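Residue 1 is where the sequence shown starts when you use UniProt numbering, and the numbers rise one by one after that.
Note that beta-carbon positions come from the ideal geometry of N, C-alpha and C, so glycine has one too.
This one's a predicted model, so the numbers in the text were calculated from it and none came from an experiment.
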Amino acid sequence: MSDTMRGFRCWSAPSVRETVYSDIGALPSSADAVFLAAHSPMTLDHLKGERQPDAGLDERQVLACLTAGIGDKARNTIIAVTGGSGAGKSHVVRWVHAQLDHADPRYQVLYVPRAVQTIRQLLHKIATGLPGGRSEEFMQQVDAAVGNTSPQQLRDRLLEEMRFTLTWELEPRPARDDETEEQAEAREERTMLLGEDDDQGKRRNGLADLLSQPLINHALLQENGRIHRFVASVYKKTSRRDADQHGFTADELPLKDSTVLKALAANQDLRERWLAVKQDPKPALALLDEALRQAVPKVLGIRNKTSGLTLDELFRSSRTLLRSQGKELVLLFEDLAQFGLIDGELYDQFATAPGPDLTPLRIVFAVTDAPYWSLPETVQTRITHRFAVKTTALADHETFVARYLNLTRVGRADVEDAWAREGSTSSEWIPNACDTRNDGNACQFKDECHSSFGAIDVPELGRVGLYPYNSIALRRSLEACGPEPTPRSIIDSCMSDTLAEADPHIKRGTYPDERVKDRFDFRVQRAKDVVLEGYAERDADRLYRMLVLWGDEEPVDATIFEAFTLDTRTHKTPIKPKPNDKRKDPAPPVEESPLPLVFQWQNGKRLPDDEADTYRNILFHLVSARLNLDEDLIHTATGEGSRILGELFSRPSFDIKGARGRGPGPNRVRFDIERTSDAVKVLAAARWFHDHGHWNPEGGRWPWPQGQRPVDLMITLECQLDAWAEHVRTIFLERVARRDLAGSALGVHAIALLATGAPSASIQHVHQVLAHRPLATPTGSDVPATPAWDAADRQARRILHSGRTAELVGSFAAARQGDTGAPELVDIAALQQGLHQALRAPGAFLRQVSDTFSEVEPTLATSAKDLLETVETAAAEQLREAAAALDVLRTGLEGQEPRTVARAAREAGTRALNSGRLFRPADGWHIFDQALNILEGLPSHVPLHSAPGQPYDPTQAQDQIAEAVMIQSWARWAVAGADALATIQRAMASTRDEAQRSSSLSSNHDQLQQDVRQKLAQARQHLEALKTMGGPTDE
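Here it is as structure tokens:
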């Protein structure tokens, strides 16, 4: 025998299974000893009936009311014990059964426990319990009805019997003088659904005929429908048939199937009834329930009008026999729910009063609250007493548990032996295992165990030890059952589960195991590392669970350590305040601490959604405040910087273990917050600082976290925030490539300026690019892009007018000063390099921007890509256009300056226009004038003059994309100039021809002839000057 409690158990898992039954239906009816050994008195409310004197407030009231009626030959006694599920109603009935004197000659007892059984077994229990010797005949009849019938056959028979009932047996209800308008409508609806009587008394075109329709028939027989559930309960062993109390539902009718109406098209009356059902199915569902209740007893063979022994006749014959013997019939039903749809046969007996040939009934039955109010009116009005068992009926939960603890220690065999020896003669027949464990002597650990784990006084037992609980652990176990635990929930949680699982774990030295967090209320008030401070690290998790559950996070007795095989050694000394440390008494906190929810999260519970959101929000703001990206001239408060940072780092970046909510998406910063002590410190510190703005433990709205020093929390938080902020900062700068994003935007802008005709010399510096305005659509001195370059020009102008460059430069390469917070100082040096790259190789630069920033800055990347594509498409043709234009200009001008040639052409054209309107084409002066303006305004940098032997040809450039972009400042002028020169040449040729034609005409007016000749001569002189422009003249 061991001399320590290490690994000691005074119960076993098998003993728990043999003695602990939360479902009384699983406890054999012969096990009264086990039942009584654990039974605790419950307080009952006597809601109806005459109270009996000196009956107390517990189960004795029910017994007193039952026995008080014995001897009254004229009345039945019907007692209902009601309450919620698991409240202990059936225990009350079983207690009454155990206390009745079954040898009393005044009555015979029929006891129907809530056993796990089929309907056939239930009926057999009733039949064999009734005197008269006709049980065998009755059961043969039941077996003939269902014994060799398959569930499928029984379902079909049941539905056909329902049709028969609806056709022949259910009658319209007569009107009542006191019925309301609503009741009258319901009655009339029921009559309509039954159909019309024919001359044989058969109902036609009613609900019965609808049931014969295949679609409706099939729907009613569907799996998990009411008929299916009932038939399953006939064959299934169960202690409850609550599902039978639920009626038909609308889902069991094909209300949405349009083919039903098509099938009924030939019968207008039946079709109208189905339409009425579709509009409001409730009356039809109620009528189906009514038919089912009448059909079930006939299908089961317990009610037959034509032949055979019915259940009613079986009861009546027994009551007649008992009457002749001078005995009464006591019926004890632990739960009416186990009867399901055959409860109507019992209700008939409840409503049948005693008479000269029928003995009185003394009935006690248990039923849950909802079915109680659904009892037929004939039963409700005949109930003599009603007792209610509330969830608070078990006043002393600790004593209740202690009785079960003792029962598991004594064991079923010894309990039954003790009951057989003394149960009928003594109220103290149950052994107390703490006093008798060692062959009638006290347990060797009694004193030590009771001192360390605790004990309580239990009536008829004495002091019962709480092991493996102590008072704290038992309280936490009970709290885990909810605010108003029922006896069933206490038995399940505190006894069946906890004791059975503790047995092997204590033996192996692994208790308290991880499962205890589900069996007990594991709410905590301190961080895990605070609770464990000063203890050895070995078995830290198990030690922590024990300190929480058995000590409320405080130290516990050394014997508890020993019993659970835990190390008591310590290696730290708790920090104590210095004696001279003078502090003012802090004001009491006015709010509860939010931190226990974090401590419970550390222990595996899910952090509530609102709390998780709060911590994500706090951490996000604290980290955001430390990014200091303005030191890199990056603005993230608004604009593109804010957008890019938001796509990288947001509240969901803080992924709290087990918390609900979407996590960070791909390519986003993710901080996994695990259930570690360091993470708890960070969350606690962040919450404290967020809520208070200081680190003074005495100045908080809620209590400072116990066991934590302000400096420790502050440093832990600061270090973690700095680490998180540096990570975000690093990733962000990598993503925007530091200044590269701003430089890239500036470079794309510069290329767009070139593509719209800006001279490269005018945008060699950052300030020039930012200040440069794109050329307007050609009017006056400006010319439009060539047809080949038009698409590239339009794309470039979209970039220039978007304002994106200024925004990106302001966000990523500018300092902000002043009250407005607008960008004031641009980092010119950092941007100049990107500008040079763009001007050197526009195509390569655009391609790099498109590839680099497709995710970070998709708008810029798309703009660069689109501009590159349009430039690539237009480049070759643009270069050919430019080369051809240069060739035309060089040939046509023959070395003359365009301005000189344009002025000479203008003078000649003007003279021709003023000399008898000789200018041709006559309506072409405006076009001619525009061409002159273009030629006269041709920029000087158009490469008209080449070095001897080295004519400039743009089509020969190695980088055609770059060349096409760079020549835009003159190429469009060259093409326009070549077109203008051609226009001028054509006009001068036409005008010369007109002048020559007019000079051959004669006139009788000498003066007129002289004037014309003079003007023609002058015009001819000017035309001769342009002879080389138009080719040889025809004279």
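First and last residue of the uninterrupted beta strand (DSSP E) at residue i
i	result
Ala792	That residue, Ala792, is in no beta strand (DSSP E); its alpha helix (DSSP H) goes 790 to 801.
Gln108	107 to 112
Ala388	385 to 389
Asp655	654 to 656
Glu894	Counting along the chain, Glu894 falls outside any beta strand (DSSP E), and DSSP gives it neither H nor E.
Ile763	Element bounds for Ile763: n/a, residue is neither H nor E.
Phe671	671 to 673
Leu331	328 to 333
Continuous alpha helix (DSSP H) stretch holding residue i: start and end
i	result
Gly747	740 to 755
Lys48	Element bounds for Lys48: not the alpha helix (DSSP H) but the beta strand (DSSP E), 44 to 48.
Phe620	609 to 624
Arg729	710 to 736
Leu478	471 to 479
Leu207	207 to 211
Within 8 Å, strictly: CB atoms of residue i and residue j
i	j	result
Met5	Phe445	yes
Leu170	Leu194	yes
Leu549	Pro596	no
Tyr404	Ile491	yes
Gly747	Leu835	yes
Ala976	Ile934	yes
Ala145	Leu300	yes
Leu321	Glu398	no
Asp414	Pro431	yes
Three-way DSSP call (helix, strand, coil) for residue i in this model
i	result
Ile363	strand
Asp280	coil
Ile984	helix
Asp457	strand
Leu913	helix
Arg51	coil
Ile78	strand
Ala971	helix
Lys582	Since pLDDT at Lys582 reaches only 41, below the 50 mark, its modelled position is unreliable, and no value is offered.
Gln141	helix
Arg519	helix
Arg204	strand
Pro577	Any reading at Pro577 must be qualified, since the residue scores a pLDDT of 38, below 50, and its modelled position is unreliable; no value is offered.
Rounded straight-line distance, which links the Cα of residue j to that of residue i
i	j	result
Gly743	Ala830	8 Å
Ala874	Pro787	9 Å
Arg899	Met988	17 Å
Cys449	Asp552	19 Å
Leu66	Ile363	8 Å
Ser762	Val826	19 Å
Ala982	Gln930	12 Å
Lys237	Ala612	47 Å
Phe230	Ser317	29 Å
Ser15	Glu252	47 Å
Trp925	Ala962	39 Å
His102	Leu110	10 Å
Gln1009	Phe919	Low confidence applies to Gln1009: its pLDDT is 43, below 50, so where it sits in the model is not reliable enough to give any reading.
Arg204	Ala64	54 Å
Asp177	Val379	23 Å
Leu358	Thr191	37 Å
Gly411	Ser233	34 Å
| query | How do the segment 222 to 232 and the segment 205 to 214 stand: do at least 3 beta-carbon pairs fall below 8 Å, yes or no? | reply | Too few Cβ pairs lie closer than 8 Å, so no.
| said: For the structure I just gave you, are there three or more beta carbon pairs, one from the segment 381 to 389 and one from the segment 72 to 90, closer than 8 Å? | reply: Counting Cβ pairs under 8 Å, three or more are found: they touch.
| query | Are three or more beta carbon pairs between the segment 799 to 806 and the segment 856 to 871 nearer than 8 Å? | reply | The segment 799 to 806, when compared against the segment 856 to 871, does touch it at the 8 Å Cβ threshold.
| query | Is it a yes or a no for the segment 527 to 539 touching the segment 449 to 462, going by three-plus beta-carbon pairs under 8 Å? | reply | Verdict: no, contact absent.
| message | Under 8 Å: do the segment 273 to 281 and the segment 155 to 169 share three or more Cβ pairs, one atom per stretch? | response | No, the segment 273 to 281 is not in contact with the segment 155 to 169.
| query | Can we say the segment 326 to 341 touches the segment 357 to 373, given the rule of at least three CB pairs closer than 8 Å? | reply | The count of Cβ pairs closer than 8 Å, one atom from the segment 326 to 341 and one from the segment 357 to 373, reaches three, so the stretches are in contact.
| query | Touching or not, the segment 628 to 648 and the segment 722 to 734, by the rule of three or more beta carbon pairs under 8 Å? | reply | At 8 Å Cβ cutoff, the stretches touch.
| Sufficient close CB pairs (3 or more, under 8 Å) joining the segment 165 to 181 to the segment 137 to 154 | The segment 165 to 181 is not in contact with the segment 137 to 154.
| Are at least three pairs of beta-carbons, each pair with one atom in the segment 499 to 509 and one in the segment 35 to 42, less than 8 Å apart? | Verdict: no, contact absent.
| request: Evaluate the contact criterion for the segment 753 to 761 versus the segment 793 to 802: three or more CB pairs, one atom per stretch, below 8 Å. | output: Short answer: they touch.
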